[in-house]
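Here's the structure, in structure tokens; my notes come after.
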């Protein structure tokens, strides 16, 4: 019967362990769901603004960059501007392998080393609304395009030619009439085209922001996850956005 | 004999409680230790906006601010699922945005840390506090 008090203590300890585990669990998850002081710095690191309101084009350009980097696209939701991709690569670290051989040579048995890693990426685009757009309501203002300018010039030239024809037919011979019509309409169309093009170039096309996050999961030779981490090196993001800027240019010029 | 029984009883209770976790049927269907209504209440918040897409986008931005990586999202259903690595095998979270009446959106989140569901109100409070910040920024700033 010496066992009885021990059992009681053991049961009590187990209960404490179970209850303690729960409290810890809640605390960890609470900490993970609270904005950290670095969150702003990370946001800046991972976000870039592009001067275009063409979110679909940004998504296409981004998907192309991910493909350039060897990612497979796992998910995409264009309505919410999301692309998720992943790639699996070698994660063998020379230092680790040397260490494992060293341990084995000393009779320490086989030590697991990192074997492969899955790198995951999620990319989110979002339109950056300007206050004046919001005030105007949901319908976005129609933007001037080169096509519109050409159409306007063509229409006004035709109209002008007709009215000049009407006015001057009675006072000018045919050859001079044609000459005058041509000179006047061409000059007018050129001026109108110049004015409208200037307006088009000055108009604000809005902006789209792109935010990308990378993480990796490393598996060791025994098939266990040895490391899970977010990749937060500034160089990584800088390089990614350099590639994306190039891709946007290629996309815009249809190359 | 009685003392032995009394000593063993709590031990048995622990064993039963622990083994209960492993029952697959119970795992799949029995919602949780909390009541369904209580769980929904602590996992939900209502926001004064009629714009489902903007709310969804704000949820996504908030998750990214919290260092989550988005796994998938569905605009029609209004769901976003994301994972944050670290801390006992990662935190996985699904957030759903549904219209509530004409002028409001209900945002519901459920999360698991490692292999355990989060059923404590505090983590959800922390999440919704972060989301409220995001909603405020979306509504008031050039974001």
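Protein chains in written order, with my numbering: chain A, 44 to 298; chain B, 26 to 168.
No residue lacks a Cβ here, since even glycine has one placed at the ideal position from N, Cα and C.
Quick one: does residue 148 (chain B) have its CB under 9 Å from some CB of chain A?
Yes, residue 148 (chain B) lies at the interface with chain A (some Cβ there is under 9 Å from its Cβ).
The alpha helix (DSSP H) that contains residue 159 (chain B), what's its start and end?
Run containing residue 159 (chain B): 146-165, per the alpha helix (DSSP H) assignment.
Per DSSP, what kind of secondary structure is residue 118 (chain B) in: helix, strand or coil?
It is a strand residue.
Name the chain A residues that come within less than 7 Å of residue 94 (chain B), Cβ to Cβ?
Simply 163, 165, 256 and 258.
Give the straight-line distance between the Cα atoms of residue 111 (chain B) and residue 195 (chain A), rounded to the nearest whole angstrom.
For residue 111 (chain B) and residue 195 (chain A), the distance between alpha carbons rounds to 60 Å.
Can you tell me whether residue 85 (chain A) is buried or exposed? The criterion is at least 16 other CB atoms within 10 Å of its CB, across all chains shown.
Buried, by the Cβ-count rule.
With a threshold of 8 Å, are at least 3 pairs of Cβ atoms found where one atom belongs to the region 114-131 of chain A and the other to the region 219-234 of chain A?
No, the region 114-131 of chain A is not in contact with the region 219-234 of chain A.
Do residue 121 (chain B) and residue 138 (chain B) have their C-beta atoms within less than 9 Å of each other?
No, they are not a contact pair.
For a test of the three-state rule: what should DSSP assign to residue 128 (chain A), helix, strand or coil?
The answer is strand: DSSP assigns residue 128 (chain A) an E or B state.
Is the number of C-beta pairs between the region 274-288 of chain A and the region 244-264 of chain A that are closer than 8 Å three or more?
Flag = yes, the region 274-288 of chain A and the region 244-264 of chain A touch.
So, do the region 138-146 of chain A and the region 81-100 of chain A have three or more beta carbon pairs nearer to each other than 8 Å?
They do not touch, by the three-pair rule.
What first and last residue would you give for the alpha helix (DSSP H) that runs through residue 138 (chain B)?
Per DSSP, residue 138 (chain B) belongs to no alpha helix (DSSP H); it is in the beta strand (DSSP E), 129-138.
Spell out whether any CB of chain B is found under 9 Å from the CB atom of residue 118 (chain A).
Yes, contact with chain B.
Could you check which residue in A:186, A:250 and A:279 has the C-alpha nearest to that of residue 100 (chain A)?
Here the closest residue by C-alpha is A:250.
I want to verify the contact list: residues of chain A whose CB lies under 7 Å from the CB of residue 152 (chain B), in sequence order.
Going along chain A in sequence order, the residues near residue 152 (chain B) (Cβ under 7 Å) are 76.
Run through DSSP, which three-state label would residue 75 (chain A) get?
DSSP places residue 75 (chain A) in helix when its eight states are reduced to three.
Would residue 80 (chain A) be called buried (16 or more neighbouring beta carbons within 10 Å of its own) or exposed?
Exposed, by the Cβ-count rule.
State the DSSP-derived secondary structure class of residue 231 (chain A), mapped to helix, strand or coil.
It is helical.
Taking Cβ positions only, does residue 108 (chain A) come closer than 9 Å to chain B?
Not one chain B Cβ lies under 9 Å of residue 108 (chain A).
Compare the C-beta of residue 78 (chain B) against all C-beta atoms of chain A and say whether one is closer than 9 Å.
Answer yes: the Cβ-Cβ gap between residue 78 (chain B) and chain A drops below 9 Å somewhere.
Provide the residue span of the alpha helix (DSSP H) that contains residue 79 (chain B), from first to last.
Per DSSP, residue 79 (chain B) belongs to the alpha helix (DSSP H) from 77-90.
Take residue 167 (chain A) as the anchor and find which of A:74, A:76 and A:128 has the nearest alpha-carbon.
Looking at the Cα atoms, A:128 is the closest of the given residues.
Does the beta-carbon of residue 213 (chain A) have 16 or more other beta-carbons within 10 angstroms, so that it is buried, or is it exposed?
It is exposed - the Cβ of residue 213 (chain A) has fewer than 16 other Cβ atoms within 10 Å.
Looking at residue 261 (chain A): is its Cβ nearer than 9 Å to the Cβ of residue 159 (chain A)?
For residue 261 (chain A) and residue 159 (chain A), yes; Cβs fall inside 9 Å.
For the beta strand (DSSP E) containing residue 170 (chain A), list its first residue and its last residue.
Residues 157-171.
Looking at residue 107 (chain B): is its Cβ nearer than 9 Å to the Cβ of residue 74 (chain A)?
Result no, Cβ atoms of residue 107 (chain B) and residue 74 (chain A) do not sit closer than 9 Å.
Per DSSP, which one or two residues make a beta bridge with residue 63 (chain B)?
The partner list for residue 63 (chain B) (beta bridge, DSSP) is empty, contrary to what the question assumes.
Let me make sure I understand the geometry here. Which of A:78, A:119, A:134 and A:82 has the alpha-carbon closest to that of residue 299 (chain A)?
Residue 299 (chain A) falls outside the range modelled here, since chain A spans only 44 to 298, and no answer is possible.
Measuring straight from C-alpha to C-alpha, what distance separates residue 116 (chain B) and residue 130 (chain B)?
Rounded to the nearest angstrom, the two C-alpha atoms are 25 Å apart.
Alpha carbon to alpha carbon, what distance is there between residue 70 (chain A) and residue 147 (chain B)?
Their backbone Cα atoms lie some 8 Å apart in a straight line.
Helix, strand or coil, according to DSSP, for residue 118 (chain A) in the structure here?
Strand, per DSSP.
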